[in-house]
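Printed below as a string of structure tokens:
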């Protein structure tokens, strides 16, 4: 293939041939030609000398794809090998890129036609700047500004470069540059921003070119969040931005800039400028978006540009209001501080003088607040009105932004309880040209002082309406309307919606605390319109009922009872008159949701609780699976929160309600599916668990489990006559269902389940053994594919459920040693032995989970049994999981959780292991944190930390750490510096920090090195560890100079007790590890060095 000649870089590259090769890869080549071209291009990228041909390629190619290929080569060199290049080559490269950009930018035609190419060149230039500026290219900003003044097209591209530079330094620098370099760049950009500031103001005042103005505003947007405040408030910048805000072509970009300004944390002396900015902004806004406009309708009918304007407007208001609120809060904090100081200053005065001084001080503060807020409150309220209207637009992201602010506002108003000045009690409106805002009427309150809930009363009332109309769907609601308008069971949970519901629920609760009468009035009015079908829609009823359920507990008991009685009666009557199954299902789901949210009401109103529970039982016969699911879940929720009410004999009754529930159990569950029946059994068991009389509790359990036990007895009786009966698939299904029911009951009954499990324990162990042998023999005869046969999968489900039942019971038994002594030995005899003798594909990972639970539960009492557990599960499981990183994923995680439980609670058993066995344990731990599966790697690291802590306190610390400390460090550094374990970075750093802390902890009293094999003697273990680490890193990363490695290791040792600097030190080293550097580049990243500063401290070395 002719393209093979491209590999020869000893002479200028044949650019035409390169164009053809690139064209083969991207467009015209066959499959074979594309593969060959791909190999050649990959080899060229990997060749360290290819970049020397880049200038030749760019000057001679006519292919856009080839230009991008050449720039990719150049980008790789700049990013990873820049420091290894000679200074002459670095200077030549940056001058060449600068010249190409200028040549293409100064001509209007080439600037437009080559726009994407220029953008890529801009990125390359910024990558160079991250290495060279400011130390080796101090004049870059002044040069760029001077060049920008020569041509509007050059200026436009200069703005693009400045924007990229700001984003690279402030937004994307983490993980790309070391911390000191980032700080140097930020300081340099900060100090030279005056040139950029002058250029931006010059362009905005003098240019008539729309593209240049947009580029300037876009660049400003990237800088406004971090530049010194005087550039904003002590210059014409704000006035200029507000002028451009009224120009339709620029209003979105300008609004983004103003939003950045609004989000800044201001100093006190800039407060007047901020307020003035806001008032002028509102004046312009009234002109372009009249106050009486229907914003949601305008948004839905608007263009993309108009919709973006509303989105940006929401960001501006929320950012501005947050800062204004905290300004006031900060001022209040300073006031309290000054009062505190004043008190001690006057502590030698008499009491009357102190009181007079403090009163005068407070009065002066109120006067100041009156003077500074009287003209702004109407504008503040108008802005809130705009934001409320914006909150109604049909855009999820806009609503989230608004909702987050409303939550912040009402929560802070609620927690602060601060009385604020409200001078807007006169009837005179505040007038500004083209804009009139009437302050709210505050009635008969005091003219000087009022509370926030009165100041914001109108807005808070409208906000209640917003929350009620827009309430998100809670997690408990299991039915949804599909795209065809049919009501179906929800198949996928939306976590974002649940999070939104949580925020809105808290917001509405705070709002109800402010004025529960208004909340009740709005909810009942909306409910009445639903019942009368004046505003009936499924969605409106849903959001209303979700809102009603969300405010549970926010009213006092009397008001809540009165309110809820009205709601329940209305919903129940509405359910009776509504026609259509789908509509009835919607109403049923809302009734159940509301019922489930008010346990306090149900506890105090027995008759209503009976009505509610019986209604739930009616819903359990629905034909809609989602309704039946909700009925069972709601009954479980009520049972958990009102359990004792079911056990009390109420007035006019001869027996507690639980007896009635148990008597009608078969009828109630007649139309339920297996999982719904199990939820019902769990609910009744939850009630029985609260029974204090042991005799009654036992009778209730026997009554509850009568049907499952009857079927269980029939199955066991048949099995005694013919053991093959247990192999029938229908019988296996029945066994599985009975076991699942027992597991759910055990979860609720806890230790009281002993009565039930004692009657079936030996039988389930025998079934486990039998099914395990069937599974093992089938897999042994037919191979691993047998595990996919439906019968084998069903048998394994029974095995897993047996293990789950035992684990649930033991986990809930409240650490009763008698129960452990009674049940654990048979478990070990049957289940451990079965695990050991099974073929690998027949072993259940739940066995490992079960014994982890047993050790976590009984702790030291299991210490003598650990060797037997090791013997049965350790070696055979390791053989399964260490062959690769993919097979037996469940066994992997549960195996290491078992090891962690042993290390935590039965550590003495590890000390009794032989050195070979302990090595096997440590090898398995190392293998765990080298795993690419995140949860397994994290479990291995947590297990390692437990072992390090335990051995540090043991008598064997010297022996253990002499054997394993350096191996652990080496393995941690290996996973720390690869690219597969980034999510565990903080755990790697923590382990490394613990290792360096250990050296100086005093736990090690003997040398870590072997004097017979290490010729060099060290003064202490710290010197040995530092020297060993330096040698390890120097050999592993030849691209990093020895002084840099030494400095890094020194930092590890000196910063071992300072987590954040330690972590930054490691992070900086990882960034350096990706770069190739020369031996003489120690100060390449250094900033300007003052004569009296230490060069070593200023550099990044």
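Numbering (this note's numbering), first residue to last: 1122 to 2222. Cβ coordinates follow ideal geometry from the N, Cα and C atoms, glycine included.
Cβ-based burial, residue i [other Cβ within 10 Å; buried from 16]
i            : result
residue 1663 : buried
residue 1128 : exposed
residue 1920 : buried
residue 1939 : exposed
residue 2047 : buried
residue 1253 : buried
residue 2023 : buried
residue 1904 : exposed
residue 1750 : buried
residue 1281 : buried
residue 1263 : exposed
Distance between beta carbons of residue j and residue i, contact taken as under 8 Å
i            : j            : result
residue 1222 : residue 1278 : 7 Å
residue 2021 : residue 2060 : 7 Å
residue 1136 : residue 1171 : In fact, because the Cβ distance is near 13 Å, the residues do not count as touching under 8 Å.
residue 2120 : residue 2143 : 5 Å
residue 2026 : residue 1977 : 7 Å
residue 1286 : residue 1247 : 5 Å
residue 1133 : residue 1186 : The pair is not a contact, with the Cβ atoms about 20 Å apart (cut-off 8 Å).
residue 1179 : residue 1191 : 6 Å
residue 1669 : residue 1644 : 6 Å
residue 1652 : residue 1695 : 5 Å
Contacts around residue i, its chain only, beta-carbon distance under 7 Å, and the 5 residues preceding and following it disregarded
i            : result
residue 1529 : 1443
residue 1967 : 1921, 1924, 1925
residue 1711 : 1662, 1663, 1666, 1692
residue 1380 : 1433, 1436, 1437, 1440
residue 1916 : 1853, 1892, 1895, 1896
residue 1850 : 1912, 1915
residue 1724 : 1763, 1766
residue 1072 : Summary: the structure shown does not reach residue 1072, with the chain confined to residues 1122 through 2222, and so no result is reported for it.
Residues of its chain near residue i, where Cβ-Cβ distance is below 8 Å and the 5 sequence neighbours each way are ignored
i            : result
residue 2166 : 2151, 2154, 2155, 2158
residue 2132 : 2138
residue 1828 : 1786, 1787
residue 1535 : 1631, 1634, 1635
residue 2163 : 2151, 2155
residue 1714 : 1595, 1597, 1598, 1666, 1667, 1670, 1751, 1755
Residue of the options minimising C-alpha distance to residue i
i            : options                : result
residue 1991 : 1972, 2004, 1282, 2007 : 1972
residue 2028 : 2070, 1887, 2036       : 2070
residue 1735 : 1188, 1755, 1746, 1725 : 1755
residue 1630 : 1697, 1739, 1581, 1427 : 1581
residue 1242 : 1579, 1293, 1301, 1175 : 1175
residue 1794 : 1858, 1842, 2127, 2075 : 1858
residue 2031 : 1160, 2072, 1996       : 2072
residue 1746 : 1703, 2009, 1759, 1126 : 1703
residue 2141 : 2117, 1790, 2034       : 2117
residue 1508 : 1644, 1526, 1269, 1705 : 1526
residue 2052 : 2076, 2100, 1952, 1316 : 2100
residue 1271 : 1234, 1311, 1228       : 1228
residue 1660 : 1812, 2148, 1606       : 1606
residue 1679 : 1726, 1707, 2005, 1694 : 1726
residue 1943 : 1964, 1383, 1979       : 1979
Coil, strand or helix - residue i by DSSP
i            : result
residue 1610 : strand
residue 1602 : strand
residue 1298 : strand
residue 1285 : helix
residue 1994 : helix
residue 1479 : Residue placement at residue 1479 cannot be trusted, given a pLDDT of 34 that sits under 50; the coordinates are not used to answer.
residue 2135 : coil
residue 2076 : coil
residue 1565 : Confidence in residue 1565 is poor, its pLDDT being 33 and thus under 50, which makes the residue's placement unreliable; the coordinate value appears in the next sentence. Of the three classes helix, strand and coil, the one that applies to residue 1565 here is coil, per DSSP.
residue 2021 : helix
CB contact below 9 Å: residue i versus chain B
i            : result
residue 2132 : The structure shown contains no chain B; it is built from a single protein chain.
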